[in-house]
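Below you'll find the structure, written out as structure tokens, and then a few comments.
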Amino acid sequence: MTAIRFFHVADLHLDSPFKGVTSMPEHQLKMLRNSTFEAFQTLIQTAVLEKPDFVLIVGDIYDGEDRSLRAQHKFQHGMETLDKHQIPVFLCHGNHDHLGGKWTRFQLPSNVHVFQNKTEKVHIRIKQYDVYISGFSYKERHVKESMMASYEEAAQIDALHIGMLHGSLAGDATHDVYAPFTKAELISKNYDYWALGHIHKRQVLHMEPPIVYSGNIQSRHRNEKGPKGYYDVTLEKGDARLTFMPTSAIIYDVVNCSCEDIVHANEWFEAIEKAIDQFRNKHGAGVIELNLTEVDVNNLAMLDGTPMDEWLSMIRETQEMKEPNVWVQSISIETSKTIEIESSGLTENVISVMGKWDSQQWKEIVSDVYQHSRSIRFMDKLADEDYKTIEKEVRDFLQKELLVKE
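Add 821 to the 1-based position in the sequence shown for this note's numbering, that's all there is to it.
This is how it looks when you write it as structure tokens:
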């Protein structure tokens, strides 16, 4: 039989507010806030050109339960475009856009099947294949219990069975756990493909059968680095081929810049411009963290003469007229091994103590920041990766401050 082809998409988060981006000019901030819509439009345009047999959207179409009118209108228009080209869509709602939210209702076109809060199995006939797609939508934001018992085992041997599940791998504490599952549970259903959503990191948990997170289509903050998109899947019995399709309008990432042999400020600016241009030529628009590597005593002495905020402001100024735009969000310093050996006993003592702190201790240390009622609503929950970043930034700061003064 001829293989079927579909797009596996998840976590659109249309109209995300993009927390944590500071000091960005209004016109650039507008571009950033439009990036989820641009990524979605790229998906729709590619579907029209490539004409997959159907599209799966596995939860969190919208960023919140109060779906913005703009986000719903853009999504509605996209679905109508796919309807005109006779491309079916199967979608479920996740924890961010659950069915219990309040919003202005839009009538989606007939090509779109929306799974409700009880797991159901839908049949579609494609290229001599009977295809069964199973899934459910979140009734409310917190679905803590496993939903695996509600998925029927594959019964039709010659048919293709696809499961849609917006949820978390049981035991994974790096994200809020919703609709938990184990790989063994998914495998036991004898499905030919599991299309997962909720986790924004693209990953294949298992290949026979494929158990796959497609990730989100557009990064929304510094912890979602690199290109984002969806999977273009070609599927037949016993064989699946996955092709990653990028959609990111703006990419978050770290750009490394070597400071080796740099003595003067003009050399430093030239090296940084070169590093940013290389990123721009490869990825286009971006929000980056500039990481200075191989920093020696001469570099530190040069940097210490001017506040770091002023250096950052000057770097941003060099990028203002360049397109596509790359916004430099922050600068971090990675000192050379020679400097680390020469650093004072006090520096090493403090760094050694910090290195022993676990996530709970870091959480207690930064807890004061989260006590302010006015600012807490603009701050994301910190994950283990965030605490590691904080530790690195504190270590870099201590090394820079103490070394320069010795």
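Don't be surprised by glycine CBs; every beta carbon is placed ideally from N, CA and C. Values in this document were obtained by computation on a predicted structure and should not be read as measured data.
One Cα belongs to Thr-1003, the other to Ser-989, and the distance between them is close to 9 Å. Residue environment analysis places Ser-1134 among the exposed positions, since fewer than 16 neighbouring C-beta atoms fall within 10 angstroms of its C-beta. Within the same chain, Thr-857, Phe-858, Phe-861, Ile-882, Tyr-883, Asp-884, Ala-892, Lys-895 and Phe-896 come within 7 Å of Leu-835 by CB-CB distance, once the 5 residues on both sides are set aside. The C-beta distance from Ala-1096 to Cys-1078 rounds to 4 Å, short enough to meet the 8 Å contact threshold. Around the beta carbon of Leu-864, a 10 Å sphere encloses 16 or more other beta carbons of the protein chains shown; the residue is thus reported as buried. Contact between Ile-1136 and Ile-1093 is confirmed by a C-beta separation of about 6 Å, below the 8 Å threshold. Going by DSSP, Leu-986 is part of the beta strand (DSSP E) stretching over 981 to 987.
If you draw a straight line from the Cα of Val-964 to the Cα of Leu-853, it comes to about 31 Å. Excluding five sequence positions before and after Val-998, the CB atoms of its chain that fall closer than 8 Å to its own CB belong to Lys-965, Ser-989 and Ala-991, given in chain order.
Going by beta carbons, Val-943 and Leu-912 fall outside the 8 Å limit.
Comparing alpha carbon positions, the residue from Asp-1098, Asp-1060, Val-1108 and Gln-907 closest to Met-845 is Val-1108. The C-alpha of Ser-1153 is placed about 17 Å away from the C-alpha of Ala-1086. According to the DSSP assignment, Arg-1137 belongs to the alpha helix (DSSP H) that extends over 1129 to 1140. If you draw a straight line from the Cα of Pro-1001 to the Cα of Ser-1035, it comes to about 17 Å. Remark: fewer than three beta-carbon pairs, one from each stretch, lie closer than 8 Å, so the segment 824 to 831 and the segment 1112 to 1122 are not flagged as touching.
Within the DSSP bridge table, the entry for Trp-1178 names no partner.
In this structure, Arg-1062 sits away from Thr-1068, with a CB-CB distance that is not shorter than 8 Å. By the Cβ neighbour-count rule, Met-1142 is exposed, with fewer than 16 other Cβ atoms within 10 Å of its own.
In the assembly as shown, Ala-1005 is an exposed residue. Its beta-carbon has fewer than 16 other beta-carbons within 10 Å. Around the beta carbon of Leu-903, a 10 Å sphere encloses 16 or more other beta carbons of the protein chains shown; the residue is thus reported as buried. Each of Val-869, Val-842 and Pro-838 was checked against the Cα of Arg-888, and the nearest Cα belongs to Pro-838.
In the three-state reduction of the DSSP assignment, Met-845 falls in the coil class. By the neighbour-count criterion, in which 16 or more other beta carbons inside 10 Å mark a residue as buried, Thr-1064 falls on the exposed side. Around the C-beta of Val-869, fewer than 16 other C-beta atoms lie within 10 Å, and the residue is accordingly described as exposed.
A Cβ-Cβ distance of about 5 Å is found for the pair Leu-920 and Lys-960, placing them in contact under the 8 Å criterion. Met-985 places its beta carbon 8 Å or farther from that of Ser-1009. Our two residues, Arg-926 and Ala-1016, have alpha carbons roughly 26 Å apart in a direct line. Look at Leu-853 here: in three-state DSSP terms it is helix.
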